[in-house]
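Take a look at the structure set out below.
Chains as they are written, first to last, in UniProt numbering: chain A, 1 to 721; chain B, 1 to 330.
Put into structure tokens, the structure is as follows:
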């Protein structure tokens with residue numbers, strides 16, 4: 001018995017690779033590195049594998065002139081080959097004049113995108129490379145939905161957009177992958193150079209280097225179809241009997257939003273409806289996207305603005321007693337909002353506005369205990385947002401407001417704008433105040449609140465006037481190569497904007513703006529710039545490594561977890577919300593009241609049954625030593641009401657974002673040698689000849705050919721062996 | 001590459017096997033069992049070879065030649081083991097009596113009686129059938145070995161790529177001796193040769209097993225089988241160096257020699273073998289088989305019209321009369 005068990009274990013331990021290791025060079029393509037399907041209420045976008053776009057010969061497009069080969073399908077280079085091609089294209093060659101050729105080519109199976117190694121030419125910074133459309137979030141625009149403006153009337157991104165609708169909003173016939181791993185990229189390049197590079201005389205011949213890749217989406221159509229098919233009653237026959245679960249086809253894009261309340265929200269009994277506080281929301285967005293949605297670093301789309309808000313929050317946290325005192329006197333509060341999904345029709349802010357309207361923000365009401373007074377829409381006076389900090393041409397900023405709402409009560413807004421101007425000027429920047437045609441708010445989170453309430457005012461600080469100067473908003477290329485001068489200027493801008501945020505906030509709560517209140521830690525700004533922008537990954541710098549303190553672990557084989565990505569996705573599988581949450585706690589958390597707490601367990605116990613405060617066991621990014629930080633910070637997953645099953649009354653309401661993402665199955669990239677397929681027919685003829693010869697040969701034999709009487713008695717008696 | 005290529009390869013590779021199977025095995029349930037038992041014995045030998053290779057590769061740096069030798073010896077030993085098993089089945093099992101209820105068998109060889117219709121419908125006469133059994137069992141071994149040799153490659157041919165890229169990327173150049181687009185043809189020829197070789201080797205080894213201890217030269221066929229097996233395997237290893245045409249020519253010549261030798265074992269002569277081959281070509285050109293086939297069909301049709309057929313079971317059924325019983329006592 002033991003022998004059998006040993007034998008079975010030995011046999012079970014044998015692993016076979018089959019034949020594929022001699023045929024294919026396999027490259028692992030992690031989740032998020034390939035283009036997949038996304039949906040809004042009316043359309044599907046992205047890529048889908050079909051029988052036609054799975055396999056192809058690898059070709060390279062290294063310079064703009066190479067795009068002309070798309071028309072001729074490289075026939076002059078590979079005359080014997082009649083199939084499709086996988087084109088290797090550096091991301092910086094995806095431009096206005098090339099995208100239509102890529103889109104219309106009949107001979108492309110797919111596109112392999114990669115980052116060019118060459119340093120960015122100064123001219124390239126001025127080339128349109130935004131993967132967003134002419135009018136970001138045009139369908140969710142307050143003015144459009146309010147019928148005061150036509151669809152996409154103000155084209156803020158027309159200078160930067162590669163296509164009018166944006167590359168993410170394209171339904172591609174080809175597949176697309178992004179390869180960031182230099183080893184994998186070298187393998188593909190090597191395969192190309194060995195087999196597909198034309199010889200000196202321009203000729204090529206079999207074998208060629210081919211590539212196959214398959215990314216299968218589970219959903220199709222649009223969000224509405226996907227949402228309907230995703231319901232359990234529509235999937236009755238696909239349901240797993242054991243678990244009761246039905247396979248997921250698609251999911252609403254959602255992720256964590258972070259709300260930080262430096263000054264406490266009043267705690268009130270459940271039935272108290274008295275509204276006494278007013279709020280200014282300092283907002284910034286957390287998300288961006290690219291042509292392959294998840295491949296998006298979001299340096300200027302997201303990070304520079306977030307650093308300025310964080311710097312302001314840190315400064316506020318350092319002087320929190322003054323701010324609290326002023327808030328108590330004036331009944332005006334500041335809170336910080338980092339919204340996720342803003343680039344996709346305002347998922348975060350739309351949901352927040354919805355929850356504020358329902359009295360569910362920042363928490364749902366609970367009858368069994370005292371709760372924090374909900375922040376209601378009518379209590380929200382201002383949405384102060386900063387955008388695209390760090391790329392100003394010259395040293396000029398603009399403030400954007402809504403003219404109609406401004407006209408209702410000009411004085412407080414004028415005072416706020418004055419303070420912003422003073423804050424910027426203190427760092428050598430100018431501010432141009434709105435006038436005339438400029439009295440409409442550019443795409444920003446305010447639009448979500450404006451649609452829900454007619455009194456919420458906007459104050460948007462940005463380096464553009466009527467069109468974006470930065471041409472890489474929401475792009476794979478939103479990743480600058482900063483010179484030391486540019487970096488210094490960007491840090492100054494961030495500092496100036498942070499100061500103006502503080503000044504505006506102080507003005508709002510009635511706090512005298514002095515050198516202490518409005519002082520921004522420049523060292524912190526520089527550090528955050530290095531850590532969040534210059535570093536290759538969130539936790540590469542010492543500051544972030546200390547802040548991490550061993551808490552972050554890379555999970556799964558996901559782009560979002562392993563690379564810097566600020567895309568929202570249908571699952572919360574990017575590290576950025578966690579990073580930002582920790583930074584916000586660092587900025588506003590305090591251990592003054594918890595100095596005696598010496599363990600994580602004791603710290604977490606303090607947070608139980610708390611309505612307002614959270615207690616987080618977190619290290620200092622300066623010393624690395626852990627302490628229990630008390631803060632009023634909420635990290636909240638928000639799903640757009642239009643696609644949230646718990647809000648059926650808002651189902652597919654176009655007032656809210658309807659962006660969804662397909663569940664997909666991603667396979668590895670396989671490189672292989674292609675042989676001339678004409679030999680197939682030769683083999684068919686050979687097989688027929690083989691069959692005929694076999695018949696002719698065997699038909700000559702009979703039983704008697706092999707049954708021979710050798711005169712053996714036993715064989716005669718029926719024992720042949 | 002594509003599915004047409006894969007199907008073509010399978011047809012070309014297994015046409016001789018299918019023709020032999022159809023002509024000599026398909027109609028007989030016992031032969032079908034023996035055919036698959038032959039496959040099983042070859043699989044067991046493969047398992048033993050794999051375990052030996054696994055063990056050796058943990059000890060020795062380069063185990064190719066040793067593993068190859070072990071593999072060939074294991075295959076030949078499995079042939080001998082199969083012979084011994086059949087011998088045991090022939091001797092130890094008893095008579096087959098249809099007069100008992102349920103019918104009782106006492107021997108593989110006793111299912112039939114010489115010159116009479118089988119008591120088991122469809123089972124052919126086993127008298128003097130040792131070479132036929134060797135053919136059946138050897139074909140089973142040959143088919144499964146050819147299948148194992150080719151199926152991964154043929155599956156690959158159905159896909160978009162062919163063999164060679166990982167190695168080329170590693171070494172920096174493509175192997176100039178690789179078969180390229182003719183690789184499927186190489187696999188087909190190898191599969192045909194492998195199947196027929198196994199038939200020939202089984203006839204040879206079993207002849208040794210049958211005669212061992214009775215004739216001083218009984219070891220010669222077995223030794224010839226082992227030597228030719230080693231030689232053919234060695235030749236195959238040269239394929240990777242690009243001597244395809246030479247290798248296949250020599251292997252084909254060795255196969256012809258083996259078949260001729262089997263013909264001698266079965267009572268023929270080299271002269272009769274050469275004559276038969278020559279006659280085969282003449283018959284092929286004059287379409288003799290087709291003419292025979294047509295005439296045979298005509299005759300059968302005429303016979304059927306003359307005598308109505310009766311069920312075989314009635315003719316071969318049990319009888320109370322001792323002299324007319326199909327049961328053979330040991």
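Backbone N, C-alpha and C define an ideal beta-carbon position, used for all residues, glycine too.
The contact set of residue 184/B on chain A, defined by CB atoms closer than 8 Å, consists of 679 and 683 in chain order. Sixteen is the threshold: since fewer than 16 other Cβ atoms of the shown chains lie within 10 Å of the Cβ of residue 300/B, the residue is exposed.
Ranked by how close their Cα comes to the Cα of residue 265/B, the residues 226/B, 243/B, 218/B and 23/B have 218/B in first place.
Selection 33/A, 604/A and 338/A evaluated against residue 290/A yields 33/A as nearest (Cα-Cα).
Minimum Cα-Cα distance from residue 492/A among the listed residues 524/A, 476/A, 475/A and 512/A corresponds to 524/A. For residue 217/A, the enclosing beta strand (DSSP E) covers residues 215-217. Inter-residue distance for residue 692/A and residue 124/B is about 27 Å (C-alpha atoms, whole angstroms). Pairing residue 683/A with residue 185/B gives a Cβ-Cβ distance under 8 Å.
Across the region 18-42 of chain A, CB contacts with chain B closer than 7 Å involve 18, 19, 21, 22, 23, 24 and 25, in sequence order along the chain. Interface residue (Cβ-Cβ distance to chain A less than 8 Å): residue 166/B is classified as such. Counted as a single uninterrupted DSSP element, the beta strand (DSSP E) harbouring residue 212/A occupies residues 208-212.
With respect to the C-alpha of residue 130/A, the residue from 636/A, 483/A, 475/A and 706/A having the closest C-alpha is 475/A. Taking CB atoms only, residue 669/A has no neighbour in chain B less than 8 Å away.
The beta carbons of residue 15/B and residue 690/A sit closer together than 8 Å. Residue 127/B has a beta carbon lying within less than 8 Å of a beta carbon in chain A. Inter-segment contact for the region 1-11 of chain B and the region 224-240 of chain B is absent: fewer than three beta-carbon pairs are separated by less than 8 Å. Beta-bridge annotation (DSSP): residue 674/A is paired with 208/A. Around residue 45/B, the same chain offers 74, 75 and 78 as residues with beta carbons nearer than 6 Å, after the five sequence neighbours per side are excluded. Beyond the five residues adjoining it in sequence on each side, residue 167/B comes within less than 8 Å, by CB distance, of 175 in the same chain, given in chain order. Taking 8 Å as the threshold, the shortest C-beta distance from residue 110/A to chain B does not fall below it.
In the DSSP assignment, no residue is bridged to residue 520/A.
Rounded to whole angstroms, the separation of the alpha carbons of residue 704/A and residue 28/B is 16 Å. The alpha-carbon separation between residue 128/B and residue 158/B amounts to approximately 45 Å. Within the same chain, and ignoring the five residues on either side of residue 294/A in sequence, the residues whose Cβ sits closer than 7 Å to its Cβ are 32, 559, 560, 565, 567 and 569.
Those residues of the region 684-698 of chain A placed with their C-beta closer than 9 Å to a C-beta in chain B are 684, 685, 686, 687, 688, 689, 690, 691, 692, 693, 694, 695, 696, 697 and 698, ordered along the chain. By the C-beta density criterion, residue 201/B is buried, having at least 16 other C-beta atoms within 10 angstroms.
Within the same chain, 495 come within 6 Å of residue 522/A by CB-CB distance, once the 5 residues on both sides are set aside.
The beta carbon of residue 236/B does not come within 8 Å of any beta carbon belonging to chain A, so the residue lies off that interface. Checking the DSSP bridge columns, you'll see residue 430/A partnered with 396/A. DSSP, reduced to helix, strand and coil, places residue 175/A within a strand of the structure shown.
Per DSSP, the continuous alpha helix (DSSP H) segment holding residue 17/B begins and ends at 3-20.
Rounded to whole angstroms, residue 150/A and residue 2/B show a C-alpha spacing of 54 Å. For residue 142/A, same chain residues with a beta-carbon under 6 Å away, outside a window of 5 residues either side, are 447, 450 and 451 in chain order. Put simply, of 90/A, 100/A, 57/A and 54/A the residue whose alpha carbon is nearest the alpha carbon of residue 71/A is 100/A.
Rounded to the nearest whole angstrom, the C-alpha separation of residue 251/A and residue 48/A is 17 Å. As computed with DSSP, residue 178/B is found in no beta bridge at all.
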